[in-house]
Amino acid sequence: MESQTESLWLIALASKCTAFSPQTILFLFTLLCLASLTIVLFHWVEPGGPAWGKYRHNKFTPRNTPVLPPGPRGYPIIGSMDLTVGLAHHKLTSMANLLGARRLMAFSMGDTRVVITCNPDVAKDILCNSVFADRPIKESAYSLMFNRAMGFAPYGVYWRTLRRIAATHMFCPKQINLGVIQRAEIASQMVNMINYNVGKNTAAFSVREMLKLASLTNMMESVFGRRYELSTASLNSEAAELSQLVQEGYELLGKLNLSDHLSWLGSFDPQRIRERCSQLVPRVNRFVNRIISEHRVRDHKQEAGDDDARGHDFADVLLSLNGPDKLSDSDMVAVLWEMIFRGTDTVAVLIEWILARMVLHPDIQSKVQDELDKVVGKSRPLMESDIPSLGYLQAMIKEVLRLHPPGPLLSWARLAITDTTLDGYHIPEGTTAMVNMWAIARDPGIWADPLRFSPERFMDKMDDFSVLGSDLRLAPFGSGRRSCPGKALGLTTVTYWVGTLLHEFVWTQCDQYPVTLSEVMKLSCEMANPLKVMVHSRRN
């Protein structure tokens, strides 16, 4: 009956429309377009652009409008979306400087309201405030199951459970120490691989593929208990399959998805992101579920009847949980997939930046090597237990993190879960908040001669300057509730592997491949040109 009534209504409307002449219909259509254009421009002229203008005009009258942050208008409809394409951290820094809005700047990404800060005090208010405890979740992140993993899970009971599991079982000091031998074996395999390649030819050595393979091999063993020789890992079908899955995930999550910010595009999937995610997820599920099933069959917990017989990889940890911490299989897949995904990229990207800086600054490379020779000597390899005595090595890595943070901007997004005030400005619920750590780390008001590469700036305060989130002048792994849970493990791995590579080899520039520090923004901020260098053994 209801459908019949609707049909009659449509027929009646159509009959009325036939009474209009074509000229009248054209006039009404033009009037409608002009009205829509007027509304679009009315929203666009407000500071911050169309998303902020729409909020202001829909919520407030001229008399009771709160103080909103300053910012660029951008373009009608899309706002300042162009600022987030390419090297977004550079563009947003320049715009904040131009408007005098480094402390807090508003801008629009289509329908999305965004604020960004280049100030450490305001950054702390964002990262350590429970109002910003949530994350805006991209369609690609949701489709790739990350809404059930730690990075993008909504703030609440489930997220707190994941965080507790990570802190207690996965990234605790005991678990990190269990990987000492594993990291040493991979470091030794990298040394052997470099020696083999250097001995075979005198051409420049490309480090990126080796570092990515080492990182993937390390995460495969940490997460799944799979152990591969670095020299043959690229030939292993399982490692190759995982590498393809991770690479496809990087491309999807690193893209600016227009549908995330222009809701009317959601039905069209113009960039095929939803389609590609729907093809990738079944492959990920098959891969991870296969490994979980193998762990169950092996059932380490019943072998020999003691804890020492159990496996110690992350899959074993999750399978051993009981009570409120026990996860469903689908949630375990999401958590383990995220561990592989997040742990593979950052380590390789950061080490490549470090080695590039060592090539460009041979005097600093020599200082690091002198310290290594003094503490370790030349008769034995570096051990992780030596790292606390290597102050200059740690200072050098902090300086690289300052100038080349792997996640300068895009990994910092938070979501306001209620209306709040930030730096004196009204911030409405649903606003995305970002921190430009790249801009903070290069601020001349914070750092003396900020563009100069100088590890010495950290030597006087080695004991009290931490990069793990307590000091927002340099917090490359985040801070507060949503900081990277694996930051201690990641920094330990990077420091040990870099120390080993510098202890064993001298890294110099190749005339055919001059080292440049130009960047490309993918999921992480990578070197635009893969590093190719000459390597000489220090053992000869």
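In this note's numbering, the protein residues as written are 9 to 548. For each residue, glycine too, the CB sits at the ideal point set by N, CA and C.
Scanning its chain for C-beta atoms nearer than 7 Å, with the 5 sequence neighbours on each side dropped, one finds around HIS269 the residues MET89, MET117, GLY118, ASP119, THR120, in chain order. Judged by DSSP secondary structure, MET153 falls outside any alpha helix (DSSP H); it is assigned neither H nor E. In this chain, VAL384 is not harboured by any alpha helix (DSSP H), its DSSP state being neither H nor E.
Residue burial is scored here from C-beta neighbours: VAL341 has at least 16 other C-beta atoms within 10 angstroms and is therefore classed as buried. Straight across, the Cα-Cα distance linking GLU379 with LEU401 is about 8 Å. Comparing alpha-carbon positions, the option among GLY494, LEU363, THR440 lying closest to ILE405 turns out to be LEU363. When DSSP states are grouped into helix, strand and coil, MET529 belongs to the strand group. Between LEU509 and the set LEU368, LEU499, HIS544, the nearest pair of CA atoms involves HIS544. Per the DSSP secondary-structure output, ARG121 pairs in a beta bridge with SER116.
Distance check between ASP337 and each of ALA483, THR225, GLY498, VAL292 places VAL292 closest, using alpha-carbon atoms only. Boundaries of the alpha helix (DSSP H) harbouring ALA104: 96-107, taken from the DSSP string. Runs of the alpha helix (DSSP H) spanning 4 or more residues and lying entirely within the segment 437-473 occur at 445-448, in chain order.
When secondary structure is reduced to three states using DSSP, TYR236 falls in the coil class, being assigned neither helix nor strand. CA-to-CA, the gap between LEU411 and LEU525 works out to about 10 Å.
With contacts defined as CB atoms closer than 7 Å, ALA212 and LYS530 fail to qualify as a contacting pair. Counting C-beta atoms within 10 angstroms of its own C-beta, GLY331 has fewer than 16 neighbours from the protein chains shown and is therefore classed as exposed. Under DSSP, the beta-bridge partners assigned to TYR433 are LEU430. Residue state for TYR83 is assigned as strand, using DSSP reduced to three classes. When the alpha-carbon of SER223 is set against those of SER328, MET103, VAL254, the nearest one is in VAL254. From the listed residues ASP324, MET218, ASN444, the smallest Cα separation to GLU302 is found for ASP324. Contact between VAL357 and PRO414 is confirmed by a C-beta separation of about 5 Å, below the 8 Å threshold. Under the DSSP assignment, TRP361 falls in the alpha helix (DSSP H) whose first and last residues are 337-368. Per DSSP, SER286 lies in no beta strand (DSSP E) segment; the continuous alpha helix (DSSP H) that holds it begins and ends at 281-306. Residue range 399-411 is occupied by the alpha helix (DSSP H) that includes MET404.
Note on CYS41: under 16 other CB atoms within 10 angstroms of its CB, so exposed under the neighbour-count rule.
Collapsing the DSSP output to three states places HIS544 in a strand. Looking at the DSSP output, TRP515 shares a beta bridge with VAL543. Take ILE86, set aside five residues on each side of it, and the residues of its chain with a beta-carbon closer than 6 Å to its own are GLY118, in chain order. When DSSP states are grouped into helix, strand and coil, GLU534 belongs to the strand group. In this structure, LEU423 sits near PRO144, with a CB-CB distance shorter than 7 Å. By the neighbour-count definition (other C-beta atoms within 10 Å, threshold 16), GLN373 is a buried residue. Assignment of PHE213 by DSSP, reduced to helix, strand and coil, places it in the strand class. Our two residues, GLU217 and ASN185, have alpha carbons roughly 27 Å apart in a direct line. Among the bridge pairs identified by DSSP, TYR521 is matched with CYS518. When the Cα atoms are used, ILE281 and ILE348 turn out to be separated by approximately 21 Å. Excluding the 5 residues flanking it on each side, TRP361 has same chain C-beta neighbours closer than 6 Å at VAL408, HIS412, in chain order.
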